[in-house]
C-alpha cells in the first residue's frame, strides 16, 4: 500500500526554484497496474523516484505499507528500498564488467543473502526470464531486449512488492518493447504492484489505472 | 554484504581495468621495495662497521698518552703536549686490576727493513706476545712473538704477508734474517692475510719485541696500551682502573686518554642508525606519492562509475556499503603492491649481496613491518575522501540520463 499526501519537491535550477511536484496526493493499492504519463518536465520521474525512495520530498508524508518512510534515515531507506522496491530503467543500468548472472545477483549480494539461497533463486529467475543460455554473457554481448530482461530479473531478485519502471521500453524497438512490457506485466499478473512511467500513450494505455501529469500536478486519474 | 562478496566485487573491478591496477601496483611496489632496499643498505653498512670494529679485538680499552682538553685559560699550551710519557712500567702496573684480562704495550715507528739486497720502508710495531690474542691475529706460518719479560728481548720478528713476499719473493721467509736499522732479527712467523681493518693493514707491518723497538727508536715512551677487559660488563671497571692506576703513578695527574671500543662503536651505531632511518623515510615519501596516485585514481573512478554507484544505491546499497567497496579496492591494491614490493626488495637485496658479499645487507625488522604498513595506511587514508564522495552521491542525479 502506497499513500502519498501533499508531496512537494522543488529543485533549484540556476538559482530559480522549479516546482517538480506540487502537493501530490496519491494512493496505490497492492497489485495495481498504474501508468504515469505526461510531457517531459511534468514531474513524472520525480514522482517515481520519490515512490522508490531514491529522492526525498520537501513537504508531505509518504506511507509505505502503513509505515511513514519520510522520516527514515538514509540507511533505513536503503534497507526498505532493497526489500520492497524493484527498479527498471530506460538505459538498463547493468554493470558492464559483470555477467548477466552477476548483475541479477547484485541486490542479493548487497543484502548479504546466503550463497546457496542465491544460487537457487538465480536458477529460478534465469528460467523465468528465459536467460539460461545468456547467464555468462556480459551486457555488451546481449541485445537490448535481453539487457532489459536481465534488469527486470535483477529488480525481482529480492521479491519486491512494488516494481517501478521508468520508460522501460524507451530504448528498445517497438517489437522488443512489446515483449519487455509483456514480461513486466507478468509481475502484475502475479500480484505485484507495477508502476510504469512513459510518454507513449499506447504503452500507458495498457494499464488499468492511468495517471496524467502536468507541471508537477496530477491532472487526470482514469481507471478501467 | 558478505566479506567474500565484497572481496569478489573489488576483485572484479581491479580485473576489469588491468592497466590501471598494474600501474598502481607498480607505484606501491616501487615505494615498498625502495624502503626495503635502502634500509637494507644502511643496516648492511652498520653491521659492516660493527664487524670491522669487532675485528680490532673484543672488549678493547685503548690507552693514549696525553689528554686533549679544551678547557683552561691557555689551551694552546696544553693541547698536543704530553706532560708525562706513558711507559712500560705504567703498562706493567695495570696487572693489578682484576677487570683486565691482558694488555699489550705498543710502540710504533718506521723502519728500513732489509733482506739481502732488497730493502723496504715499513711501519715497525714493538709489542708483546699478548698482542696476538688482543687483536685476534692469525699466523700463516711459524709463531708469534714469544712470551716472557717485556723488558728483555730476543732478536726475532714477525712479518706481514705482503712484506714477506716483497722481501723474499717466492723463497721461504721463515728462519731468514732481516736487518732493521742497525739490528738483525730472525723471522719466526708470517701473519695471515687480513687486509684492511679500520685503517691499519697488518699485511704491511713488521712486529718486533717491545724492548727491541725501544732500542731501535731510542724511546721509552709508549704509543698506546691496548687493554682487553675480562668481559663486556667489566669494560667500565677496566677503564676506571686504568685511569686510577696511572693517575697514581703520575703523581695524581690525569694525563692519559682512555677510549673504549664500545663508546666508539656506539657512536658509529647511532650515526648509521640515524642515517638508515633518514634515507628510509625519504624512500617512504614515494609511498606517500603512491597514496596520492591511489586517491587520484579513486576520484576518477567515482566520476567514471557515477551510474554504477547510483545503481548500487537504487538496488539498496547503503552509503557505508559504497564506502566499503572503495576501501576494499584500495586495500587490495595496497596489499598487492606491498607484497610485490617486499619480493622485489628481497631480490634487490640478494643482488646487492652477490655484488658485495663482504657487506651483510639485511633490511631491519622494523623496515619490513613499517614499509607495508605505511603503504596500507596511506592507501586507506587517501581513499577516505573519494569513498566519502561516492557515498554521498545523489542516486537520482547519478542515474539521470545526462
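Residue numbers (this note's numbering), protein chains in the order written: chain A, 42 to 265; chain B, 2 to 403. Even glycine gets a Cβ: it sits at the ideal position worked out from N, Cα and C. Here the structure is a predicted model, which means the values were calculated and not measured.
Measure from the C-beta of residue i to each C-beta in chain A and report whether the shortest distance is under 9 angstroms.
i                      : result
residue 270 of chain B : no
residue 400 of chain B : yes
residue 10 of chain B  : yes
residue 278 of chain B : no
residue 318 of chain B : yes
residue 33 of chain B  : no
residue 55 of chain B  : no
residue 2 of chain B   : yes
residue 22 of chain B  : no
residue 305 of chain B : no
residue 298 of chain B : no
residue 313 of chain B : yes
residue 36 of chain B  : no
residue 397 of chain B : yes
residue 19 of chain B  : no
residue 309 of chain B : yes
residue 324 of chain B : no
residue 13 of chain B  : yes
Counting only the same chain and skipping the five closest in sequence on each side, list residues whose C-beta sits under 7 angstroms from that of residue i.
i                      : result
residue 208 of chain A : 131, 238 and 239
residue 196 of chain A : 127, 128, 129 and 204
residue 71 of chain A  : 42, 202 and 234
residue 52 of chain A  : 59 and 61
residue 295 of chain B : 25, 331, 334, 380, 383 and 384
residue 160 of chain A : none
Closest by CA to residue i, which one among the options?
i                      : options                       : result
residue 238 of chain B : B/4, B/62, B/11 and B/38      : B/62
residue 49 of chain B  : B/190, B/172, B/269 and B/396 : B/269
residue 330 of chain B : B/353, B/302, B/43 and B/349  : B/302
residue 7 of chain B   : B/380, B/355, B/400 and B/333 : B/333
residue 146 of chain B : B/191, B/398 and B/123        : B/191
residue 337 of chain B : B/144, B/373, B/159 and B/287 : B/373
residue 266 of chain B : B/46, B/104 and B/304         : B/46
residue 21 of chain B  : B/291, B/208, B/136 and B/247 : B/291
residue 230 of chain A : A/148, A/74, A/49 and A/67    : A/74
residue 173 of chain A : A/191, A/241, A/54 and A/156  : A/191
residue 123 of chain B : B/376, B/112, B/129 and B/256 : B/112
residue 136 of chain A : B/307, B/321 and B/58         : B/307
residue 105 of chain A : A/91, A/199 and A/251         : A/91
residue 168 of chain B : B/356, B/188, B/193 and B/157 : B/188
residue 97 of chain B  : B/287, B/171, B/241 and B/129 : B/241
residue 340 of chain B : B/371, B/325 and B/318        : B/371
residue 234 of chain B : B/90, B/324 and B/99          : B/99
Taking Cβ positions only, does residue i come closer than 9 angstroms to chain B?
i                      : result
residue 229 of chain A : no
residue 178 of chain A : no
residue 152 of chain A : yes
residue 59 of chain A  : no
residue 134 of chain A : yes
residue 164 of chain A : no
residue 254 of chain A : no
residue 93 of chain A  : yes
residue 143 of chain A : yes
residue 122 of chain A : yes
residue 199 of chain A : yes
residue 109 of chain A : no
residue 175 of chain A : no
For residue i, write down the residues that DSSP places opposite it in a beta bridge.
i                      : result
residue 136 of chain A : Answer is none; residue 136 of chain A lacks a bridge partner.
residue 186 of chain B : B/179
residue 93 of chain B  : Partner(s): none; residue 93 of chain B has no beta bridge.
residue 250 of chain A : A/75 and A/264
residue 60 of chain A  : A/51
residue 122 of chain B : B/113
residue 10 of chain B  : Answer is none; residue 10 of chain B lacks a bridge partner.
residue 357 of chain B : Paired residue(s): none; residue 357 of chain B is not in a bridge.
residue 225 of chain B : B/107
Please go through the same chain and pick out, in chain order, the residues whose beta-carbon is closer than 8 angstroms to the beta-carbon of residue i, but skip the five residues on each side of it.
i                      : result
residue 93 of chain B  : 151
residue 54 of chain B  : 199, 262, 265, 266 and 269
residue 255 of chain A : 79, 80 and 83
residue 387 of chain B : 296, 299, 300, 302, 303 and 327
Apart from the five residues on each side of it in sequence, which residues of its chain come closer than 6 angstroms, Cβ to Cβ, to residue i?
i                      : result
residue 194 of chain A : 145, 166 and 170
residue 154 of chain B : 210, 212 and 213
residue 76 of chain B  : For residue 76 of chain B, the predicted structure reports a pLDDT of 44, less than 50, and the residue's modelled location is therefore unreliable. A value from the coordinates is still provided. Hits under 6 angstroms: none found.
### Query
Does the region 178-189 of chain B touch the region 110-122 of chain B, meaning 3 or more C-beta pairs lie closer than 8 angstroms?
The answer is yes - the region 178-189 of chain B touches the region 110-122 of chain B, with three or more Cβ pairs under 8 angstroms.
#### Entry: the region 245-258 of chain A contacting the region 78-87 of chain A, beta-carbon criterion three pairs below 8 angstroms
In this structure the region 245-258 of chain A lies against the region 78-87 of chain A, because at least three pairs of beta carbons, one per stretch, are closer than 8 angstroms.
#### Entry: Cβ pair count under 8 angstroms reaching 3, the region 305-319 of chain B against the region 115-122 of chain A
A contact exists between the region 305-319 of chain B and the region 115-122 of chain A.
### Query
Using 8 angstroms as the Cβ pair cut-off and three pairs as the minimum, do the region 251-271 of chain B and the region 359-374 of chain B touch?
No, they do not touch.
### Query
Between the region 132-152 of chain A and the region 176-195 of chain A, are three or more C-beta pairs nearer than 8 angstroms?
Short answer: they touch.
### Message
Under 8 angstroms: do the region 340-348 of chain B and the region 29-36 of chain B share three or more Cβ pairs, one atom per stretch?
### Response
Touching, per the Cβ criterion.
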